[in-house]
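Chemist:
Number of protein chains: 2
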Amino acid sequence: MYPIDDFLNAFNVFLPKVIRDFSCQNDLQQALLYATLNGGKRTRPVLCFIFGSMVNKNIPIHNILHVASAVELIHCYSLVHDDLPAMDNDDLRRGLPTTHKKYTEATAILVGDSLQTMAFDILSSDVLNCSSDTKIKLIQILSKASGAMGMVSGQFLDMNLDSQFDKNNLLHIKQMHQQKTGALITAACVMGAVIGDIKNQAIQDKAKIIGGLIGELFQIQDDILDMTQSTQTLGKTAGKDLTNNKPTITAFMGLDNARFYADDLVQKL
Amino acid sequence: MYPIDDFLNAFNVFLPKVIRDFSCQNDLQQALLYATLNGGKRTRPVLCFIFGSMVNKNIPIHNILHVASAVELIHCYSLVHDDLPAMDNDDLRRGLPTTHKKYTEATAILVGDSLQTMAFDILSSDVLNCSSDTKIKLIQILSKASGAMGMVSGQFLDMNLDSQFDKNNLLHIKQMHQQKTGALITAACVMGAVIGDIKNQAIQDKAKIIGGLIGELFQIQDDILDMTQSTQTLGKTAGKDLTNNKPTITAFMGLDNARFYADDLVQKL
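If you read the protein sequences in the order shown, they are chains A and B.
In this text, residue positions in the first sequence follow our numbering: the first is 2, and each later residue adds one.
In this text, residue positions in the second sequence follow our numbering: the first is 2, and each later residue adds one.
1) With C-beta atoms as the reference, is Ala149 (chain A) less than 9 Å away from Ser24 (chain B)?
2) Rounded to whole angstroms, what is the Cα-Cα separation between Asp159 (chain A) and Lys145 (chain A)?
3) Nearest CA to the CA of Asp114 (chain A): which residue from A:Gln30, A:Arg45, A:Pro17?
4) Distance check for Val56 (chain B) and Leu85 (chain A), CA to CA, integer angstroms please.
5) For the putative contact between Gly155 (chain B) and Met177 (chain B), defined by C-beta atoms under 8 Å, what is the C-beta separation to the nearest angstrom?
6) In terms of residues, what are the limits of the alpha helix (DSSP H) holding Pro46 (chain A)?
7) Considering only their Cβ atoms, is the gap separating Thr108 (chain A) from Phe157 (chain B) smaller than 9 Å?
8) Is the region 204-219 of chain A touching the region 249-269 of chain A, taking contact as three or more C-beta pairs under 8 Å?
9) Could you check whether the Cβ of Asn170 (chain A) sits closer than 9 Å to any Cβ belonging to chain B?
10) Around the Cβ of Gln202 (chain B), are there at least 16 other Cβ atoms within 10 angstroms (buried) or fewer (exposed)?
11) May I ask which residues mark the beginning and end of the alpha helix (DSSP H) holding Ser133 (chain B)?
12) DSSP has Pro98 (chain B) in a bridge; who is on the other side?
13) Under 9 Å between C-beta atoms, does Asp167 (chain B) make it to chain A?
14) Using a Cβ-Cβ distance under 9 Å, would Thr239 (chain B) count as near chain A?
15) For Phe261 (chain B), count the other beta carbons within 10 Å of its own beta carbon; 16 or more makes it buried, fewer makes it exposed. Which is it?
16) Beta-carbon within less than 7 Å of Asn64 (chain A)'s beta-carbon, same chain only, minus the 5 sequence neighbours each way: which residues are those?
17) Looking at chain B, which residues of the region 149-165 of chain A have a Cβ within less than 7 Å of any of its Cβ atoms?
18) So which residues of chain A does Ser24 (chain B) contact, with C-beta pairs closer than 7 Å?
19) How many angstroms separate the CA atom of Asn39 (chain A) from the CA atom of Asn10 (chain B)?
20) Can you tell me whether Ser231 (chain B) is buried or exposed, with buried defined as 16 or more other CB within 10 angstroms of its CB?
21) Measure the CB-CB distance between Gly53 (chain A) and Ala259 (chain A) and report whether it falls below 9 Å.
22) Below 8 Å on C-beta distance, what does Asp134 (chain A) contact in chain B?
23) Is the number of C-beta pairs between the region 238-257 of chain A and the region 223-230 of chain A that are closer than 8 Å three or more?
24) Is the shortest distance between the beta-carbon of Gly212 (chain A) and the beta-carbons of chain B less than 9 Å?
25) Less than 6 Å between C-beta atoms, sequence neighbours within five positions excluded: which residues of the same chain meet that for Leu93 (chain B)?
26) So which residues of chain B does Met228 (chain A) contact, with C-beta pairs closer than 9 Å?
27) What residue does the alpha helix (DSSP H) around Gln205 (chain B) start on, and which one ends it?
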């Protein structure tokens with residue numbers, strides 16, 4: 002297996018190239034680059050890479066870079082829109098001004114919109130070297146995970162916009178987390194397995210379960226860090242969840258219980 | 002050929018069904034329905050239908066409804082986002098409160114985001130009865146037309162966000178129109194031809210030319226109506242282009258010349 006660090010280096014060279022290939026040469030392109038090249042951890046691309054390599058040791062790096070970048074672009078679009086004043090109203094992201102602070106709100110809305118389109122552009126592109134059946138499968142997984150049955154629905158619940166949502170109900174909070182964070186992380190794992198070998202259904206099923214656990218852990222850890230770390234360490238405004246009255250695991254069960262919960266998930270993984 | 006009115010009736014039954022199938026049952030779904038079922042003219046679905054039927058007289062209505070709804074969902078998402086306070090700041094759309102006025106800005110952002118995803122969900126769906134090659138071709142056309150090389154880039158220019166854009170240059174205005182309006186209208190025509198028969202490249206080429214002319218005419222007509230009609234007739238706030246200092250054809254060449262220009266396009270068509 003290709004070392005993870007080498008993959009990450011290749012990914013961080015590949016992503017700006019993709020953005021230049023799939024957008025017009027104007028100021029929008031600059032804003033698209035700003036929104037995506039700000040030192041993200043690339044968790045989803047790495048998961049995609051790990052599962053792809055697990056299924057197929059000789060997976061073409063070209064293919065995994067394409068698929069991983071599609072997932073990451075969806076993640077980046079969601080951050081840009083979530084940071085908007087009408088949403089979480091955040092001025093900082095990874096220690097830098099958020100896209101709407103650096104440019105304008107209109108630019109940030111359009112940046113998010115086009116990053117989303119670009120993800121589907123990449124997965125349907127002729128330069129992705131696999132069968133149309135595989136491309137369609139990847140697009141199905143990504144659209145289900147990121148739309149009104151997944152990530153966007155989770156953000157809708159997280160914003161307290163749904164009248165049926167009860168933030169004192171653990172099942173509701175867990176469902177919200179699963180949609181908001183878990184769905185895309187799971188998609189990253191499963192899409193890696195699919196581009197590795199679409200016929201290996203057993204690994205895709207495992208990727209789904211493992212991805213679900215990682216997603217849950219990821220969100221709880223995010224809730225804990227928001228309560229315990231400084232703005233400087235986080236690179237985004239600390240304590241926002243409490244200020245914004247967000248339905249977090251920590252608010253529901255307290256910090257200590259949330260830590261036990263996270264430890265339990267680590268054991269399961 | 003199926004009569005256009007019958008197609009329109011079928012389409013207006015089909016669209017809410019699609020939204021219920023591709024979204025979770027919560028308040029987001031209600032907002033998605035609100036944003037899409039407000040008496041739109043369904044220009045793009047009709048064009049898609051006409052070109053599909055022209056290529057293939059026995060085209061399955063099921064398929065054309067799916068493809069047409071994907072295009073229409075992209076159009077609806079763009080309207081919801083374009084109406085936002087940070088964009089064109091419009092309170093009325095088709096005589097009704099815009100989505101952010103009816104609900105909240107956060108809801109409108111998320112509605113737009115999920116309508117876009119839904120379009121790609123539909124085109125990759127197993128219920129669309131055609132080959133994966135055809136689905137991929139449709140997704141390629143739609144993503145190219147609607148993203149940072151098409152519709153979103155056009156809106157970026159229209160919002161005067163690009164430092165290179167010169168609203169006193171007719172070529173710039175025409176390019177902006179082509180991207181903002183022409184690209185998706187052209188896509189509707191070409192996608193109809195593709196779902197009719199992917200192998201008939203000649204009709205796809207013609208659909209591209211005719212779609213481009215219709216798109217140009219459509220935008221000029223929109224500019225003229227904004228200057229000459231009442232808010233009540235338009236169903237949206239009249240005179241907004243002038244107030245917002247928009248780079249329109251009417252502002253560039255005056256109302257009379259714009260009318261000559263539109264007549265000339267009709268002749269060409």
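Each residue gets a CB set at the ideal place from its N, CA and C atoms; glycine is no exception.
Since this is a predicted model, take the numbers as computed values, not measurements.
Modeler: Taking the definition as stated:
1) In this structure, Ser24 (chain B) lies closer than 9 Å to Ala149 (chain A) by Cβ.
2) Approximately 18 Å between the Cα atoms of the pair.
3) Distances from the CA of Asp114 (chain A) to each of A:Gln30, A:Arg45, A:Pro17 were compared; the closest alpha carbon is that of A:Gln30.
4) Rounded to the nearest angstrom, the two C-alpha atoms are 45 Å apart.
5) About 5 Å separates the Cβ atoms of Gly155 (chain B) and Met177 (chain B), confirming a contact at the 8 Å cut-off.
6) Secondary structure note for Pro46 (chain A): its alpha helix (DSSP H) is the uninterrupted segment 44-56.
7) By the CB criterion at 9 Å, Phe157 (chain B) and Thr108 (chain A) fall inside the cutoff.
8) At 8 Å Cβ cutoff, the stretches touch.
9) At a cut-off of 9 Å between beta carbons, Asn170 (chain A) makes no contact with chain B.
10) Gln202 (chain B) is classed as exposed because its beta carbon has fewer than 16 other beta carbons within 10 Å across all chains shown.
11) Ser133 (chain B) -> alpha helix (DSSP H) spans 133-147.
12) Per the DSSP secondary-structure output, Pro98 (chain B) pairs in a beta bridge with B:Leu93.
13) At least 9 Å separates the CB of Asp167 (chain B) from every CB of chain A.
14) Residue identity differs from the one stated: residue 239 (chain B) is Ala in this sequence, not Thr. It does not; no Cβ of chain A falls within 9 Å.
15) Flag for Phe261 (chain B) reads exposed.
16) Closer than 7 Å at Cβ, skipping near neighbours: Leu129, Asn130, Cys131, Ile196.
17) Within the region 149-165 of chain A, the residues whose Cβ lies closer than 7 Å to any Cβ of chain B are, in chain order, Ala149, Met150, Val153, Ser154, Gln156, Phe157, Met160, Leu162, Asp163, Ser164, Gln165.
18) Within 7 Å Cβ-Cβ: Ala149, Met150.
19) Taking the straight line from one Cα to the other gives about 48 Å.
20) It is exposed - the Cβ of Ser231 (chain B) has fewer than 16 other Cβ atoms within 10 Å.
21) Taking 9 Å as the Cβ cut-off, Gly53 (chain A) and Ala259 (chain A) do not qualify as a contacting pair.
22) Within 8 Å Cβ-Cβ: Ser133.
23) Taking 8 Å as the limit for Cβ pairs, the verdict is that the region 223-230 of chain A does touch the region 238-257 of chain A.
24) So, not an interface residue.
25) Closer than 6 Å at the Cβ level, and outside the excluded window around Leu93 (chain B), lie Lys237, Thr238.
26) Going along chain B, no residue has its Cβ under 9 Å from Met228 (chain A), so there is no contact; the nearest lies around 23 Å.
27) Taken as a continuous stretch (DSSP letters only), the alpha helix (DSSP H) holding Gln205 (chain B) covers 202-229.
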